[in-house]
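>
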Amino acid sequence: MKMISVRDEVYEALQRLASGFHRTPDEVLAALLHLPTASPDAAEPIAAFVLSSEFRSKYTDADRYLSLLGWVAARHPGEFAEFIRSLTSGRRYLSKTREEILAACRHNQARPIEGTPYWAIMNIDTATKRRFLARVLEFTGFRPEIIDFACGTIGARSAPARPRLPNLAA
Numbered sequence: 000m001k002m003i004s005v006r007d008e009v010y011e012a013l014q015r016l017a018s019g020f021h022r023t024p025d026e027v028l029a030a031l032l033h034l035p036t037a038s039p040d041a042a043e044p045i046a047a048f049v050l051s052s053e054f055r056s057k058y059t060d061a062d063r064y065l066s067l068l069g070w071v072a073a074r075h076p077g078e079f080a081e082f083i084r085s086l087t088s089g090r091r092y093l094s095k096t097r098e099e100i101l102a103a104c105r106h107n108q109a110r111p112i113e114g115t116p117y118w119a120i121m122n123i124d125t126a127t128k129r130r131f132l133a134r135v136l137e138f139t140g141f142r143p144e145i146i147d148f149a150c151g152t153i154g155a156r157s158a159p160a161r162p163r164l165p166n167l168a169a
């Protein structure tokens with residue numbers, strides 16, 4: 000085993016991230032660097048999804064938002080459908096059909112949520128995407144630290160598919 004030095008605040012952030020997902024710092028770093036880990040299934044499956052190369056290949060907020068909604072809908076179909084049914088007043092951000100979204104407002108830009116029968120409004124700002132995703136995740140039963148992490152990926156600057164490590168030999 001090799002040792003590396005990091006600033007205290009980097010170590011503390013890594014430790015918080017790792018403990019929030021019930022993973023070791025080594026597993027989190029390995030996932031971020033696209034390396035195999037000893038335990039590929041995280042105790043928090045949404046964390047494993049967010050750390051996956053599939054999710055990180057999504058470069059736009061819209062694609063990340065739709066991807067997370069699709070992941071939740073696929074793994075929690077009953078709760079996701081119930082959440083949509085509970086949206087009775089105001090602007091409908093999710094719907095079973097594009098027509099239902101357009102009925103609320105003709106100027107909504109709706110896109111399908113891949114792999115599901117659902118549609119989502121897309122002409123909302125980043126903060127609204129985060130808030131709405133947080134509502135979906137909370138309704139579905141996710142813990143606050145997981146919700147914060149998943150929502151933090153919306154509006155986050157995209158990292159390259161393979162992060163470059165600094166040359167430490169100099």
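According to numbering that gives the first Met the number 0, the residues represented by the sequence shown are 0 to 169, in order. Beta carbons: idealized from backbone N, C-alpha and C, even for Gly. What you are looking at is a predicted structure, and each value in this text was computed from that prediction instead of being measured.
#1: Measure how close the beta-carbons of Val49 and Leu136 come, nearest whole angstrom, since I'm counting them as under 8 Å.
#2: So, under 8 Å CB-CB, Ile153 and Tyr64 are touching, yes? Tell me the CB distance rounded to an integer number of Å.
#3: Does DSSP put Ile153 in a helix, a strand or coil?
#4: What distance in whole Å lies between the Cβ atoms of Met121 and Ala73, which are believed to be in contact at a cut-off of 8 Å?
#5: Do Ile145 and Ile45 have their C-beta atoms within less than 9 Å of each other?
#6: Counting only runs of 3+ residues fully inside the segment 73 to 130, write out the beta strand (DSSP E) ranges in chain order.
#7: May I have the straight-line CA-CA distance separating Glu43 from Gly69, to the nearest angstrom?
#8: Which residue wins for smallest C-alpha separation from Glu78, given the options Asp147, Phe138, Phe148, Arg134?
#9: Quick one: residues in its chain with C-beta nearer than 8 Å to the C-beta of Arg110, no 5 flanking neighbours on either side, listed in chain order?
#10: Buried or exposed: Lys1, going by 16 or more other Cβ atoms within 10 Å of its Cβ?
#11: To the nearest angstrom, how far is the alpha carbon of His75 from that of Ala17?
#12: Cβ of Leu170 within 9 Å of Cβ of Leu93?
#13: Could you give the DSSP three-state label for Gly140: helix, strand or coil?
#14: Does Ala47 pass the burial test, meaning 16 or more other C-beta atoms within 10 Å, or should it be called exposed?
#15: Who are the Cβ neighbours of Asp40 in its own chain at under 8 Å, not counting the five residues just before and after it?
So, to answer that:
#1: Not a contact, Cβ separation roughly 11 Å.
#2: Between Tyr64 and Ile153 the Cβ distance is about 6 Å, and since that is below 8 Å, they are a contact.
#3: Looking at Ile153 - three-state DSSP - the assignment turns out to be coil, as it is neither helix nor strand.
#4: Not confirmed; about 19 Å, so no contact.
#5: In this structure, Ile45 lies closer than 9 Å to Ile145 by Cβ.
#6: Segments of the beta strand (DSSP E) lying fully in the segment 73 to 130: 109 to 111, 118 to 120.
#7: Between Glu43 and Gly69, the C-alpha separation is close to 17 Å.
#8: Looking at the Cα atoms, Phe138 is the closest of the given residues.
#9: Within the same chain, Arg110 has close Cβ partners Ala61, Leu65, Trp118, Ala119, Met121.
#10: Around the beta carbon of Lys1, fewer than 16 other beta carbons lie within 10 angstroms, which makes this residue exposed.
#11: Taking the straight line from one Cα to the other gives about 24 Å.
#12: Outside the shown range of the chain (0 to 169) lies residue 170, about which nothing can therefore be said.
#13: Coil.
#14: Buried: at least 16 other Cβ atoms inside 10 Å.
#15: Annotation note: pLDDT 46 at Asp40 (below 50); position unreliable, coordinate value reported separately. Taken in chain order, the residues that qualify are Ala47.
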